[in-house]
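Below you'll find the structure, written out as structure tokens, and then a few comments.
2 protein chains.
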Amino acid sequence: MRLVIARCTVDYDGRLQAHLPEAVRLLMVKADGCVAIHADGGAYKPLNWMNAPNRLVTDDDGWTVTSPKGETLRITIHEVLDDTAHDLGVDPGLRKDGVEAHLQELLARDVEVLGGGWKLVRREYPTDIGPVDLLCRDDDGAAVAVEVKRRGEIDGVEQLTRYLERLDRDGTLRPVRGVFAAQEIKPQARVLAESRGIACVTLDYDALRGIESDHLTLF
Amino acid sequence: MRLVIARCTVDYDGRLQAHLPEAVRLLMVKADGCVAIHADGGAYKPLNWMNAPNRLVTDDDGWTVTSPKGETLRITIHEVLDDTAHDLGVDPGLRKDGVEAHLQELLARDVEVLGGGWKLVRREYPTDIGPVDLLCRDDDGAAVAVEVKRRGEIDGVEQLTRYLERLDRDGTLRPVRGVFAAQEIKPQARVLAESRGIACVTLDYDALRGIESDHLTLF
DNA sequence: GTGTATATCTCGGGG
DNA sequence: CCCCGAGGTATACAC
Numbered sequence: 002m003r004l005v006i007a008r009c010t011v012d013y014d015g016r017l018q019a020h021l022p023e024a025v026r027l028l029m030v031k032a033d034g035c036v037a038i039h040a041d042g043g044a045y046k047p048l049n050w051m052n053a054p055n056r057l058v059t060d061d062d063g064w065t066v067t068s069p070k071g072e073t074l075r076i077t078i079h080e081v082l083d084d085t086a087h088d089l090g091v092d093p094g095l096r097k098d099g100v101e102a103h104l105q106e107l108l109a110r111d112v113e114v115l116g117g118g119w120k121l122v123r124r125e126y127p128t129d130i131g132p133v134d135l136l137c138r139d140d141d142g143a144a145v146a147v148e149v150k151r152r153g154e155i156d157g158v159e160q161l162t163r164y165l166e167r168l169d170r171d172g173t174l175r176p177v178r179g180v181f182a183a184q185e186i187k188p189q190a191r192v193l194a195e196s197r198g199i200a201c202v203t204l205d206y207d208a209l210r211g212i213e214s215d216h217l218t219l220f
Numbered sequence: 002m003r004l005v006i007a008r009c010t011v012d013y014d015g016r017l018q019a020h021l022p023e024a025v026r027l028l029m030v031k032a033d034g035c036v037a038i039h040a041d042g043g044a045y046k047p048l049n050w051m052n053a054p055n056r057l058v059t060d061d062d063g064w065t066v067t068s069p070k071g072e073t074l075r076i077t078i079h080e081v082l083d084d085t086a087h088d089l090g091v092d093p094g095l096r097k098d099g100v101e102a103h104l105q106e107l108l109a110r111d112v113e114v115l116g117g118g119w120k121l122v123r124r125e126y127p128t129d130i131g132p133v134d135l136l137c138r139d140d141d142g143a144a145v146a147v148e149v150k151r152r153g154e155i156d157g158v159e160q161l162t163r164y165l166e167r168l169d170r171d172g173t174l175r176p177v178r179g180v181f182a183a184q185e186i187k188p189q190a191r192v193l194a195e196s197r198g199i200a201c202v203t204l205d206y207d208a209l210r211g212i213e214s215d216h217l218t219l220f
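From first to last, the protein sequence lines stand for chains B and Y. Residue numbers for the first sequence follow the numbering used here, beginning at 2 and rising by one. Residue numbers for the second sequence follow the numbering used here, beginning at 2 and rising by one.
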């Protein structure tokens, strides 16, 4: 991600036409090529932008961004006040479903729901391709990776499979079993999971909440 | 504007709950207090954000942002890779050309584009469920309600239909015809409109501007 | 303030 | 690819 603070004027011609008079602004260029021009206010929406894919050409006076759809964004740069770049890597992504987030939290508190004597090692256990929802140890001390979903579909099984493949390279964990836990598991996902030796568990959200309530009442 | 590149995890609790696992991201704090968390891709929308007004409190482990509406954004900062701040000043603002308001304005000046002898009664003619874009009288003095859109889709036809139903209750206007005017009209919208006796007109923005220019040159 | 309509809406799912 | 629907929609404007 490249961040440039510059005094600039901007002209956009595409779905409409827009013009920004000369002022100091932030120019943000992301790794996927998208460009956004931010003022120092006005919520998160930029004044002007171009979504990926597009082509950025620089010259002595500024930048020209063109998209395959025929949009053009011309940024005339009068003065550069700062210019930095950072490699952020691929983001593991947002977990946005309130129910799913809560499911993971509830399950983390009561991993014994998955098996008697199980212990939680940690939530969001990191691997180099992203975090596993839960890493546990079963009653024999064997490692178990758990993927939690609200609706269990094939891509969730694929995701867990990739994590298992990574975790299995760690000698302190190997062998790592997998558990696919969801409120509802699609038949195709169940077939795929079980063909890979991944256990499927159907979660009862209300029952988990009930368990939570019981624990809370203990205190 | 403060720009921080940091390895962080994020939890939002408000209108929903959301969680971001640990990764390197851009934290943007604008002068009005709003906070946005960007990954290195995915258009201009941040992964997570908090609009102004809000309160930002920092501690040893990160930031806590709270809004008056009871939302909280917790940013746990594991490592700071960069931290800069710039005073951008107040932006002179964006000038747009070609949005629906402009189309409506152009058409209001030249309602004869819709039919010879037509007269504008008023723009934004009020009904009890919202304003009609244009109310006109045709060459026979009959009332015509015009809905202007940049892109004519089904919901625009529904909107005009609701207005027509209201206007038709007014004895001084009844019967009221409808015209759906847009730069581009989707086939489904056209079919629905015509099935309801609503005429469709495709607008040529450049031509309307040309007409405007001609008028201007007359002065 | 509440309500309505717009947006370079964005973003994701399904056909 | 388009169509359709939801969004932590945000934003402007009228009542």
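Just so it is clear, CB atoms sit at the ideal spot from N, CA and C, and this is done for glycine as well.
For Gln189/B, same chain residues with a beta-carbon under 7 Å away, outside a window of 5 residues either side, are Ile155 in chain order. Per DSSP, the beta bridge partners of Glu148/Y are Phe181/Y. Contact annotation: in the segment 114-139 of chain B, residues whose CB is within less than 9 Å of a CB in chain Y are Glu125, Pro127, Gly131, Pro132. DSSP links Gly63/Y through a beta bridge to Asp60/Y, Thr77/Y. At least one CB atom of chain B sits nearer than 8 Å to the CB of Asp98/Y.
Rounded to whole angstroms, Thr173/Y and Cys137/Y show a C-alpha spacing of 13 Å.
Near chain Y, meaning a CB-to-CB distance below 7 Å, no residue of the segment 61-81 of chain B qualifies. Identification of residues in the segment 34-45 of chain B having a C-beta nearer than 7 Å to some C-beta of chain Y yields Cys35, Ala37, Ala40, Asp41, Gly42, Ala44, Tyr45, given in sequence order. The segment 32-40 of chain B makes no contact with the segment 114-121 of chain B, as fewer than three CB pairs between them are under 8 Å. Taking a Cβ-Cβ cut-off of 9 Å, Asn55/Y has no neighbours in chain B, whose nearest Cβ is about 11 Å from it.
For Gly157/Y, there is no enclosing beta strand (DSSP E); the enclosing alpha helix (DSSP H) has its first and last residue at 155-168. Not a single CB atom of chain B sits nearer than 8 Å to the CB of Gly198/Y. Distances from the CA of Arg110/Y to each of Lys187/Y, Leu135/Y, Asn55/Y, Gly94/Y were compared; the closest alpha carbon is that of Leu135/Y.
Contact between Asp33/B and Ala53/B holds, since their C-beta atoms are separated by about 4 Å, short of 8 Å.
Per DSSP, reduced to three states, the secondary structure at Asp84/B is strand. Closest in C-alpha terms to Arg8/B, from the list Gly15/B, Glu195/B, Glu23/B, Leu17/B, comes Glu23/B. The shortest CA-to-CA distance from Pro47/B to any of Val30/B, Gly153/B, Tyr206/B is the one to Val30/B.
Chain-ordered, the chain B residues with CB closer than 7 Å to the CB of Lys31/Y read Asp41, Gly42. For Val177/B, the CB contacts under 6 Å within the same chain, skipping 5 residues up- and downstream, are Ala144, Ala146, Leu165, Leu168, Asp169 in chain order.
Taking every protein chain shown into account, the CB of Ile130/Y has fewer than 16 other CB atoms within 10 angstroms, so this residue is exposed.
Just measuring C-alpha positions, the residue of Leu193/B, Lys150/B, Glu106/B sitting nearest Asp12/Y is Glu106/B.
Taken atom to atom, the span from the alpha-carbon of His79/B to that of Leu209/Y is near 35 Å. The alpha carbon of Glu113/B has as its nearest neighbour, out of Tyr126/B, Thr10/B, Asp139/B, Gly157/B, the alpha carbon of Asp139/B. Positions of the alpha helix (DSSP H) runs, each at least 4 residues long and wholly inside the segment 98-152 of chain Y, are given as 101-110 in order along the chain. For Leu4/Y, the closest of Gly198/Y, Asp88/Y, Gly142/Y, Val158/Y by C-alpha to C-alpha distance is Asp88/Y.
Comparing C-alpha distances from Glu72/B to each of Asp14/B, Val180/B, Val149/B shows the shortest one belongs to Asp14/B. Separation of Asp62/Y and Asp84/Y (C-alpha to C-alpha, rounded to the nearest whole angstrom) is 15 Å. Cβ contact annotation for Leu82/B (same chain, cutoff 8 Å, sequence separation greater than five): Ile6, Ala7, Arg8, Val25, in chain order.
Within the same chain, and ignoring the five residues on either side of Thr65/Y in sequence, the residues whose Cβ sits closer than 6 Å to its Cβ are Val58, Arg75. Only residues of its own chain outside the window of five on either side were considered, and among them Ile155, Val158 have a CB closer than 7 Å to the CB of Leu193/B, listed in chain order. Leu104/Y places its beta carbon less than 8 Å from that of Leu204/Y. Using a CB distance cut-off of 8 Å, Arg210/Y does not count as an interface residue toward chain B. For Ala200/Y, the enclosing beta strand (DSSP E) covers residues 200-203.
Each residue's CA atom was taken as its position, placing Val180/Y and Arg163/Y some 13 Å apart. DSSP, read as helix, strand or coil, puts Val192/B in helix. Lys150/Y is positioned such that its CB atom lies closer than 8 Å to that of Glu101/Y.
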